[in-house]
Amino acid sequence: MIPQHVSIIMDGNGRWAQQKGNKRLFGHNAGIESVRSCTEFAVEKGIKYLSLYTFSEENWNRPQEEVEGLMNLMMGAIKAEEETFMKNGVRFMTIGNRQRLSGQLIEEIETLEKKSENNNRLWLILMLSYSGKWDILQAVNKYKEQLLSGKLSGEKPLDYSQFENFLATSGIPDPDLLIRTGGEHRISNYMLWQCAYSEFYFCDVLWPDFRKTTFQAALDSFENRNRRYGNIN
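Quick note on numbering: my numbering labels position 65 of the sequence shown as 65, and the sequence is numbered without any gaps.
In structure tokens:
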């Protein structure tokens with residue numbers, strides 16, 4: 001069984017670079033090839049949604065040189081992959097708090113989002129300046145705004161499906177499989193609501209070394225899981 005939505009926490013770029021005697025940014029640059037490989041593999045396997053934890057809100061606390069370098073890498077990668085996305089039917093989008101992103105990066109993102117919006121073979125979703133707590137909080141604030149504006153009455157209790165409409169991931173199915181590379185066993189404030197019933201797969205491979213064989217191992221593990229959702233079957 002192929003999961004509909006696979007999400008990956010791409011961890012280990014900095015450690016990979018340091019092991020090779022280079023600066024952390026060298027590892028982030030190398031990780032772009034892993035993104036390319038995994039996107040191609042997701043298309044091959046018929047996965048419909050691939051979301052990548054690209055940059056968390058907490059990552060803004062990293063040294064300015066690294067943050068600026070990461071943003072420049074993202075702009076370059078977005079431009080470089082445009083033709084490939086269009087050729088392979090990949091719809092590109094980002095999810096996260098854009099308030100701290102540069103105007104230039106936002107323009108690049110919105111241009112590719114618009115250009116690829118009719119592609120439907122794979123949704124490639126970059127979680128950029130994102131955190132699970134931010135997502136839940138902004139959903140609460142959206143709900144509050146609609147109450148105050150009179151668009152919602154508030155007479156009935158808010159249910160799960162209604163609340164999910166206010167999340168930044170509204171319209172995107174929750175991840176079936178969450179992969180984390182780099183040997184850590186935590187989800188680091190990532191899609192806290194959406195991953196309630198996701199299957200987790202942790203591996204020691206550092207992100208720049210993550211390729212199709214490792215991705216396939218995660219899919220093989222997922223295929224052997226029994227997803228009961230609280231039932232006994």
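Here a beta-carbon is modelled for each residue, glycine too, at the ideal position from N, C-alpha and C.
Around the Cβ of residue i, are there at least 16 other Cβ atoms within 10 angstroms (buried) or fewer (exposed)?
| i | result |
| --- | --- |
| E227 | The question names Glu, but residue 227 in the sequence shown is Arg. When all chains shown are included, R227 counts as exposed. |
| G182 | buried |
| Y277 | Here the chain comprises residues numbered 1 to 233, so residue 277 is not present and cannot be evaluated. |
| M1 | exposed |
| V6 | buried |
| W16 | buried |
| Y229 | exposed |
| H28 | buried |
| T54 | buried |
| E117 | exposed |
| G154 | exposed |
| T39 | buried |
| E107 | exposed |
| A80 | exposed |
| S198 | buried |
| L147 | exposed |
Less than 8 Å between the CB atoms is what I'm expecting for residue i and residue j, so what's the real figure, rounded?
| i | j | result |
| --- | --- | --- |
| F200 | S34 | No, F200 and S34 are not in contact; Cβ-Cβ is about 19 Å, not under 8 Å. |
| R91 | W123 | 5 Å |
| R121 | G89 | 3 Å |
| I47 | I95 | Not confirmed; about 17 Å, so no contact. |
| F41 | F163 | Between F163 and F41 the Cβ distance is about 33 Å, and since that is not below 8 Å, they are no contact. |
| E31 | R24 | A small correction: the amino acid at residue 31 is Gly; Glu does not occupy that position in the sequence shown. G31 to R24, Cβ: 11 Å. No contact. |
| I78 | L112 | 6 Å |
| D135 | L167 | 6 Å |
| G132 | N189 | 5 Å |
| L219 | K45 | 7 Å |
| S37 | K156 | 47 Å between Cβ atoms; not a contact. |
From residue i to residue j, what distance separates their C-alpha atoms?
| i | j | result |
| --- | --- | --- |
| Y143 | Q194 | 18 Å |
| E145 | G103 | 26 Å |
| I179 | E65 | 28 Å |
| C203 | N224 | 17 Å |
| E68 | K115 | 26 Å |
| F85 | D174 | 23 Å |
| P63 | G21 | 18 Å |
| R186 | E83 | 35 Å |
| Q138 | N165 | 12 Å |
| M93 | N72 | 18 Å |
| P3 | D176 | 6 Å |
| E58 | L158 | 29 Å |
| Q18 | L152 | 52 Å |
| N231 | A196 | 15 Å |
| M74 | L101 | 11 Å |
Could you tell me which residues DSSP pairs with residue i in its beta bridges?
| i | result |
| --- | --- |
| F55 | L128 |
| T94 | L126 |
| L178 | S7 and F200 |
| Y49 | H5 and W123 |
Between the segment 206 to 220 and the segment 3 to 18, do at least 3 Cβ pairs fall closer than 8 Å? yes
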